[in-house]
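Q:
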Amino acid sequence: MSARGRHRRRRRGRALRAVLTGAALGLTAAATMISASQATVGSDPGALKPLTSASDLGALQLREHLEPQQSLDRLASAMGRPVGVDAVLKSADHTLRDAADCTTDEKSALPVEPAATRAYCWDSGDAADPAWTPRSVTTSGDADEDGWWGSNRVILSGWSATSRGLARVGFVNAADPAHLTYTWALLAVPTDGGRDYRGLVSKISGMVWYQDKLLVTTSGGTRDALYVYDMNRIQRTTVTASAVGRLREGWSAAGYRYVLPAIGSYRLAGGKAAVRPAGLSLDRSTVPDSLVASGAKHLWRYPFSLDPARPGLLATDSAGRAVPEEAYTTKVDGSGGVLAVGSAWYVGGAAGTDGGRGSMWRQDTRGAKATECGADETHRCWSAQTDSLSYWQETGEVWSVSGRMLFALPLNSIDSSLG
């Protein structure tokens, strides 16, 4: 039985959607502190341009490298039996603050139009720590189309501390929308044949949890474009220390209780012309489901494997290459977060000079439209920096992070706000 089959639960989407989308939080006042008179209309990026040449598509290919099973088993044997997502959530020791308890500065990162219907900020200790920055988000709505992982509803948020060369994931228990709790797990990479591990030395701006795998982007300095983690291989640490890896006293992960060792990676195959993914999301409107990526004004997708022996991994050819099945160039300035639903691509534009607001565009091969706000119909209505977008199909919500805010809003509210 596939991972999706093992974790599938009875669909409960209709009743839950009514609860979630009907609970508006009254966030508009904080988000509209920047008036429309301060904004300017962004340039229309026009239609997407399809890429079809072998050289263009070759620059987007990735080569799969999986960690030897012996190495993974050696590490698990040394550290102890892996735990699952449920065990991590049950040990949640932090609480997200509801929007009403967030500061004005924190809430200023929210979109102006459309307004968030759910918003949270991290506990005061995490929110005040300048070393760490939240950059990415994915949910159990990506992991399984019914929105559940076992008996849990889950949000994952990826954070980076580039000065420390570390990356971590917040596991958020989202069973009760009025009370979200979370705890941390450090992302790691096995070394020495599974006898040790190191921290993931990278900024993670994109993240997708699909079936039992978590895929995260990496920044420059390495050929590895994506790292792959197995949600069934979460390890407990045995030592609370600032070090990462094996110590004389046991296993440490920079003070965190849990660590995820990577099971593999996807490396750039396009040489100097290679385009590195920055934003990631899942698209269930394709057959098979696909991984959507953005980077360097490119938008493209890879199909996921249908092989039951390869749950959550990308489809690869006989040479182990993941080949994009669709690719475009976009003129959206500084494109970051990306979603694709059918033929529509939702792309976040960089902030302009109008108080730090970005834009949200919906593009296809016929043209582009942006969400608008204010009397002058400015496009600068979105958050300043949303590198990550995640569509929870079961509830119809789009989740994102901006500044120190975790927020959600209905996808149809984005469509309704398009000029």
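Throughout the sequence shown, residue numbering follows mature numbering (1 follows the signal peptide of the UniProt record, and there is no 0), covering -39 to -1, 1 to 380 in sequence.
For each residue, glycine too, the CB sits at the ideal point set by N, CA and C.
(1) With distance defined between alpha-carbon atoms, name the residue in K68, S279, T291, T356 nearest to D103.
(2) Going by other Cβ atoms of all chains shown within 10 Å of its Cβ, with 16 needed for buried, is H140 buried or exposed?
(3) Three Cβ pairs or more, each shorter than 8 Å: is that satisfied between the region 7 to 16 and the region 155 to 162?
(4) Identify whether S378 lies in helix, strand or coil by the three-state DSSP scheme.
(5) With distances taken from CA atoms, which of A204, A283, D278 is nearest L229?
(6) Could you spell out where the alpha helix (DSSP H) holding V169 opens and where it closes?
(7) Pull up the distance between the alpha-carbon of A(-17) and that of R218, whole angstroms please.
(8) Are the beta-carbon atoms belonging to V205 and N113 less than 8 Å from one another?
(9) Please classify Q31: does DSSP put it in a helix, a strand, or coil?
(10) Is the beta carbon of V293 closer than 8 Å to that of P6?
(11) Relative to the C-alpha of S226, which candidate in L27, S213, W343, S85 has its C-alpha closest?
(12) Using the rule of at least 16 other Cβ atoms within 10 Å of the residue's Cβ for burial, across every protein chain shown, is L275 buried or exposed?
(13) Sorted by chain position, which residues of the same chain lie with C-beta nearer than 7 Å to A146's C-beta, five sequence neighbours on each side aside?
(14) Skipping 5 residues on each side, what residues in its chain have a beta carbon closer than 6 Å to that of A257?
(15) Taking the C-alpha atoms as reference points, what is the distance between K164 and A122?
(16) What's the C-alpha gap between A305 and V248?
(17) What are the start and end residues of the alpha helix (DSSP H) that includes G86?
(18) Measuring only the C-alpha atoms, how far is A20 from G232?
(19) Would you identify the three-state DSSP class for M366, choosing helix, strand or coil?
(20) State buried or exposed for T142, treating a residue as buried only when at least 16 other CB atoms are found within 10 Å of its CB.
(21) Along the beta strand (DSSP E) that carries T65, what are the first and last residues, could you check?
(22) May I have the straight-line CA-CA distance separating R125 from Y171, to the nearest angstrom?
(23) Going by the CB atoms, is the gap between G108 and S166 shorter than 8 Å?
(24) Just curious, the beta strand (DSSP E) that S242 is in, first and last residue?
(25) Please name the residue, chosen from T78, S85, R35, M40, that lies closest to H55 on a Cα-to-Cα basis.
A: On the basis of the supplied data:
(1) T356
(2) exposed
(3) no
(4) coil
(5) When C-alpha distances from L229 are compared across A204, A283, D278, the shortest belongs to A283.
(6) No alpha helix (DSSP H) holds V169; the beta strand (DSSP E) holding it covers 168 to 171.
(7) Bear in mind that a pLDDT of 44 at A(-17), under 50, signals an unreliable position, so the number given afterwards is only what the model happens to contain. Going by the C-alpha atoms only, they are around 34 Å apart.
(8) No; because the gap between Cβ atoms is not below 8 Å, this pair is not in contact.
(9) helix
(10) yes
(11) L27
(12) buried
(13) V49, R129, V130, F132, I195, Y217, Y219, V220, L221
(14) Excluding positions up to five away in sequence, the list reads V236.
(15) Taking the Cα positions, K164 is about 7 Å away from A122.
(16) C-alpha separation (whole angstroms): 16 Å.
(17) That run of the alpha helix (DSSP H) goes 85 to 88.
(18) One C-alpha to the other measures close to 7 Å.
(19) Residue state for M366 is assigned as strand, using DSSP reduced to three classes.
(20) With a 10 Å radius around the Cβ and a threshold of 16 neighbouring Cβ atoms, T142 comes out buried.
(21) Element bounds for T65: not the beta strand (DSSP E) but the alpha helix (DSSP H), 65 to 68.
(22) Roughly 28 Å between the two C-alpha positions.
(23) Their beta carbons are not under 8 Å apart, which means S166 does not touch G108 by this criterion.
(24) It spans 240 to 244 - the beta strand (DSSP E) in which S242 sits, taken as one unbroken run.
(25) Nearest of T78, S85, R35, M40 to H55, Cα basis: S85.
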